[in-house]
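Under numbering that gives the first Met the number 0, the first residue of the sequence shown carries the number 0, and numbering increases by one thereafter.
Idealized CB from N, CA, C, for every residue including glycine.
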Amino acid sequence: MKKLIFATGNPGKLKEIRAIMGDMDMEILTMKEAGINVDIVEDGKTFEENAIIKVKTILAALPEGEDALVMADDSGLEVDAMDKAPGVYSARWMGEDTSYRIKNMKIVELLEGVPVEKRTARFVCTIAAGEKGKEILVARGVIEGKIGYEERGENGFGYDPIFYLPDMSRTTAELSPEEKNAISHRGNALRAMKKKLQKK
Ligand code: IMP
């Protein structure tokens, strides 16, 4: 069975990947499970660049003769009233060790006085996938929402408690994991990538 190595150590992401890619007749492994240990320098200016950097770094670290499909994602939050920040810096914004409670409160504070129609934001996820010597495929998924006025909800992670979905009258932190996966940027990007791989 062909191996699919996904560049993540995040168990939540892996669960989502297994749920969506599980029927593709591939053995899905993390980098660690595949025995790969490399430092990845995410210095791209876009989500696409970073996802491609991750795939290329891992492909270069694969042992001779290993023809696995390598997949990686890069994601983040774009807030229109903040010139699309934090964007590719979402994890590092205000410092990697700063709690999301503080980051979320800062975004709400920065948007003080911004009317509801200008509070638009989106989570973006780009997935890159490639094999040694072959072209790298890229797929993108987005979920549109608005920045709320306070944190709401206990599910999810990161910026979820302030990411409000007007159609559902809830933040993504108030959705169950299944509800979020069905509409999320990562779910959408994974489904788009699956289609591309099935067409090959
Ligand atoms: P990465 O793609 O794992 O590097 O994620 C980048 C960062 O974007 C995360 O650390 C979060 O700050 C943010 N982010 C990405 N996806 C989500 C999401 O689904 N909910 C909340 N925050 C997210």
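Cβ-heavy atom distance, residue i to the ligand IMP, below 8 Å
i	result
residue 236	This structure gives no information on residue 236, because the portion of the chain shown stretches from 0 to 199.
residue 45	no
residue 171	yes
residue 164	no
residue 98	no
residue 75	yes
residue 179	yes
residue 155	yes
Three-state secondary structure assigned by DSSP to residue i
i	result
residue 188	helix
residue 86	helix
residue 151	coil
residue 181	helix
residue 1	strand
residue 72	strand
residue 199	coil
residue 37	coil
Segment limits, beta strand (DSSP E) that includes residue i
i	result
residue 140	136-146
residue 128	119-129
residue 29	25-29
Extent of the continuous alpha helix (DSSP H) to which residue i belongs
i	result
residue 200	Only positions 0 to 199 of the chain appear in the structure, and residue 200 is not among them; the question remains open.
residue 11	10-20
residue 100	99-109
Bridge partner(s) assigned by DSSP for residue i
i	result
residue 163	145, 170
residue 78	84, 120
**OP:** Inspect the CB distances between the region 11-19 and the region 78-87 and report whether three or more fall short of 8 Å.
**Re:** no
Original post:
Touch check for the region 84-97 and the region 58-69: three-plus C-beta pairs under 8 Å?
Top reply: No: fewer than three Cβ pairs fall under 8 Å.
Original post:
For the region 124-142 against the region 185-192, are there 3 or more C-beta pairs whose distance is under 8 Å?
Top reply: Contact annotation: the region 124-142 touches the region 185-192, with at least three C-beta pairs closer than 8 Å.
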